[in-house]
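Residues 0 to 348, numbered by numbering that gives the first Met the number 0, are exactly what the sequence shown covers, in order.
Just so it is clear, CB atoms sit at the ideal spot from N, CA and C, and this is done for glycine as well.
The structure presented is a predicted model; accordingly, all values stated were derived computationally and were not measured.
Shown next, in structure tokens, is the structure this report addresses.
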Amino acid sequence: MVISFKSVTKPLFRETLAEYSRNSDLGPVTCVIVDGIMYSFANDVAEELGIRVITTRPYGACCLWSFCCISKLIEEGHIPVGAKEDLDQEIKTVPGMEGLLRRRDLPSVCRQPTTDPLLQLFIEESKTMTRASGIILNTFYDLEGPILCHIAPLFPNVYTIGPLNALVKTKIGDDIISQCLSSSSNLLEPNNNCLTWLDSKPLRSVVYVSFGSIARVTHGQLLEFWYGLVNSGASFLWVIRHDMIEGVTGDDMIPMELEEATKERGFVVDWAPQEDVLAHSAVGWKIGLDMKDTCDRLTIEIMIKTLMKHRREEIIRSMDRFSKLAHDSISPGGSSYNLEKLIEDLRST
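Structure below.
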């Protein structure tokens, strides 16, 4: 689908850019900011028309750097990752990520054969990305400085302007953001009643669970996760999309014990106002733990207890430290004031 999208979109994108440059009262297009994965067709068109390109990725530097190193890892035999291989084995040949990167940390597509079209797409897009005149990343130097040093030679300009959500608030304020969000479309209609429920909970006491907008689970997997949540004893807010459960039938009932326990300390919604939830004082501390490959009810129960009880203070201290660094980065003189440089560079094109 992605490949078809690119081939169909390329001529339309060329026509749109050319038409806009001919007829816009604002003058010709001088720069295009494009997504780093759905990217190569836009780069080709922009180069044809003599337009500058800046690419952007919503994730951090570590993820970007691992994508850039996929070809190297294939040559070294680390990819594809076999089904029976030790996923915890460290990969020591990615500069800057020694002692950090394991096989399991690579994108899931790296477990496919090297001829897999999607894997080849990632390789192609990662190479094409470096043809841009700059890249915008949602990170900051104090968080990923060593990795950013390895990325810098690949791009003429690296604009680290994260954390974006906090940076935007410092620039335009909460009131305007609220107005924009109220008029924007959501994938599903959020259930704001969960915020009232969160208001009744103590500080950092609630586990927020969401599988996002794409992932799907079987009914059996849903029950295992549900039992793990209930058995952990923690309060939880859980987003279960109406289309998230695969192959569900009328016979797939939810056990009464789960329903009763959820009424006591849980809240389930089709969709949540995620930014408001994550900013709420009752919700944990914005971090998770790696459950690896086995996600049965006992594993989930243990991981939640580890997160909310056994390692609670250790994790809170660590996250509070990084939270301070993030806030410092968006203060005047902070590393995320690369936004000012980005704006200056755009104006100069």
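Since residue i and residue j are thought to touch, with beta carbons under 8 Å apart, how far apart are those beta carbons, to the nearest angstrom?
i    : j    : result
K200 : A260 : That belief does not hold up - the Cβ atoms of K200 and A260 are roughly 16 Å apart, past 8 Å.
L89  : L100 : Note on residue identity: the sequence assigns Glu, not Leu, to residue 89. Contact flag correct, Cβ pair sits at about 7 Å.
L228 : V208 : 7 Å
V28  : I50  : 6 Å
G35  : R21  : So it is not a contact: roughly 28 Å between Cβ atoms.
L202 : W225 : Their Cβ separation, rounded to whole angstroms, is 25 Å, which puts L202 and W225 out of contact at 8 Å.
R215 : E245 : 5 Å
T129 : L153 : 5 Å
N164 : E74  : Incorrect: roughly 38 Å between the Cβ atoms, too far for contact.
S352 : P155 : Only positions 0 to 348 of the chain appear in this structure, which leaves residue 352 out of reach.
Give me, in chain order, the residues of the same chain whose beta-carbon lies closer than 6 Å to that of residue i; leave out the 5 immediate sequence neighbours on both sides.
i    : result
N337 : Y158, T159, I160
I78  : L72, C109
C193 : L236, F266, V268, A271
R296 : E223, Y226, G227
S182 : Low confidence applies to S182: its pLDDT is 47, below 50, so where it sits in the model is not reliable, and the reading given next is rough at best. Excluding residues within five positions, none has a Cβ falling inside 6 Å.
C294 : none
L324 : D141
R346 : none
Y58  : none
What is the residue span of the beta strand (DSSP E) that residue i lies within?
i    : result
S209 : 205-209
R130 : Where R130 is concerned, there is no enclosing beta strand (DSSP E), given that its DSSP letter is neither H nor E.
C30  : 30-34
L236 : 234-238
F266 : 265-268
I53  : 51-56
V157 : 157-159
Quick one: what's got a C-beta closer than 8 Å to residue i's C-beta in the same chain, skipping five residues either side?
i    : result
S335 : F139, T159, I160, G161, P162, L166, S328, I329
D269 : L187, E188, N190, V238, I239, R240, H241
V405 : The structure shown does not extend to residue 405, since the chain is modelled only from 0 through 348, so no value can be given for it.
H149 : W64, P94, G95
Please identify the residue among the options whose C-alpha is closest to the C-alpha of residue i.
i    : options               : result
I303 : A233, E74, V108, E343 : A233
A60  : A271, P27, P94        : P94
T305 : Q220, S231, S65       : S231
V247 : L222, L197, Y38       : L222
H279 : G76, L197, T92        : L197
E343 : F321, C30, D104       : C30
S125 : H149, W64, Q111       : W64
V7   : S23, F40, G26, L25    : F40
H326 : I253, K168, Q220      : K168
A82  : R102, G98, E97        : R102
T113 : G76, D104, T92, G98   : G76
Please report whether the beta-carbon of residue i lies at a distance below 9 Å from any beta-carbon of chain B.
i    : result
N156 : Judged by its chain identifiers, the structure shown contains no chain B, having just a single protein chain.
Tell me which residue opens and which closes the alpha helix (DSSP H) that residue i is part of.
i    : result
S347 : 337-347
T169 : 163-171
D198 : 192-198
L297 : 296-304
L320 : It is worth fixing the name first, because residue 320 is Arg in this sequence and not Leu. Residues 311-328.
Y226 : 218-231
D397 : Summary: the structure shown does not reach residue 397, with the chain confined to residues 0 through 348, and so no result is reported for it.
S70  : 69-74
What residues in its chain sit with their C-beta under 7 Å from that of residue i, if we drop five residues either side in the sequence?
i    : result
G283 : R203, V205, V206, Y207
- Query: Can we say the segment 67-77 touches the segment 34-54, given the rule of at least three CB pairs closer than 8 Å?
  - Reply: Touching, no.
- Query: If we count Cβ pairs, one from each stretch, closer than 8 Å, do we get three or more for the segment 314-333 versus the segment 221-240?
  - Reply: Segments in contact, no.
- Assess, as a yes-or-no matter, whether the segment 134-148 is touched by the segment 103-121 under the definition of 3 or more beta carbon pairs within less than 8 Å. Result no; under three Cβ-Cβ pairs closer than 8 Å.
- Message: Assess contact between the segment 13-22 and the segment 324-335, defined as three or more Cβ pairs (one per stretch) separated by less than 8 Å. Is contact present?
- Response: The segment 13-22 is not in contact with the segment 324-335.
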